[in-house]
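Visitor: For reference, each letter of the sequence shown is one residue, going 0 to 217 in numbering that gives the first Met the number 0.
Glycine residues also receive a C-beta, built at the ideal position from the N, C-alpha and C atoms.
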Amino acid sequence: MTNLVLMGSKQWSSCVTNSTLIDSALITSNCGKIQTMKLLLHKSMKKVLCAQVENLFVELLFSFLIIPLGTFVRLTKDNSSPVGIINLYDSISCLGDGNHLKSEAVKTMLLCPKLATEYLRVTELLPIYEGNTAPGHFLKEQARFIVSDDLEVTISQSLDIISKFNTLGVPVGDMEVLEVTVGEKEAISLLKASLTSTSALTDSLDLFRRKQKVKPST
């Protein structure tokens with residue numbers, strides 16, 4: 000995570016917990032179902048300041064924009080999901096008794112809508128694609144990105160992110176870099192948070208911590 004944290008400066012290394020910040024691949028793939036990313040945390044606030052990621056994670060986030068609302072509810076249904084959407088979804092059960100909806104196919108279409116045929120399979124972390132969906136990508140070339148807690152995606156520029164947050168009032172000693180893996184459960188948590196929260200990464204932090212990548216001892 001050299002570009003995110005150090006940017007050629009060694010002065011931060013003694014201040015940041017888990018500071019083995021070598022410039023290695025930030026996201027790996029195991030049949031497309033495991034991704035690794037690095038989070039910059041505000042420790043005392045238990046908040047994610049930002050994440051440094053590469054294409055695969057951004058492809059996952061962008062795929063949220065093409066998911067039908069019915070599929071969103073099916074994947075994330077619980078009391079923290081938008082109430083109006085939940086009520087609409089539950090109403091189908093009442094109307095789908097054979098007396099009101101046109102057919103069982105209509106009920107299935109509303110409860111389990113499929114992606115439009117022109118969309119590509121860009122991630123394996125969400126169970127939203129048909130078996131014949133063609134693989135593809137939204138992004139043109141490999142790059143490194145910064146994702147904010149509210150899921151704003153920007154290109155990772157050559158600047159010292161820790162210095163930036165320190166200027167904004169976050170003490171350097173109160174920051175920590177955490178390397179985590181993301182699977183289907185975490186992806187669905189992020190999907191839900193993207194529609195219900197302005198702190199999607201922080202809302203998924205407990206899940207991230209449970210799957211924290213353990214580095215081999217040297």
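The beta strand (DSSP E) that contains residue 147, what's its start and end?
Guide: Segment 143 to 147, the beta strand (DSSP E) holding residue 147.
Visitor: Residue ranges of each beta strand (DSSP E) run of no fewer than 3 residues wholly in the region 45 to 128, ordered along the chain?
Guide: Within the region 45 to 128, the complete beta strand (DSSP E) runs of at least 3 residues are 46 to 53.
Visitor: Look at the Cβ atom of residue 58, then the Cβ atom of residue 116, and state whether they are nearer than 9 Å.
Guide: Going by C-beta atoms, residue 58 is not nearer than 9 Å to residue 116.
Visitor: Under 9 Å between the Cβ atoms of residue 143 and residue 162?
Guide: No, the pair does not count as a contact, with Cβ atoms beyond the cut-off.
Visitor: What does the alpha-carbon distance come out to for the pair residue 2 and residue 146?
Guide: With a pLDDT of 47 at residue 2, under the threshold of 50, the predicted position of this residue should be treated as unreliable, though the coordinate-derived value follows. Taking the straight line from one Cα to the other gives about 14 Å.
Visitor: Between residue 100 and the rest of its own chain, which residues show a CB-CB distance below 7 Å, the 5 nearest in sequence each way excluded?
Guide: Once the five neighbours on either side are set aside, the close Cβ partners of residue 100 are 94, 106.
Visitor: If I'm right that residue 194 touches residue 71 with Cβ under 8 Å, what's the distance once you round it to whole angstroms?
Guide: Confirmed, about 7 Å.
Visitor: Contact check, residue 74 vs residue 187 under 8 Å by CB: the rounded distance?
Guide: Confirmed, about 5 Å.
Visitor: Once you ignore the five residues that flank residue 173 on each side, which residues in its own chain have a CB closer than 7 Å to its CB?
Guide: Excluding sequence neighbours, residue 173 sits near 41, 42, 43.
Visitor: If we ignore side chains and look at the alpha-carbon of each, how far apart do residue 66 and residue 49 end up?
Guide: Taking the straight line joining both Cα atoms gives about 24 Å.
Visitor: Given this structure, state the Cα-to-Cα distance separating residue 191 from residue 132, to the nearest angstrom.
Guide: So the alpha carbons of these two residues sit roughly 23 Å apart.
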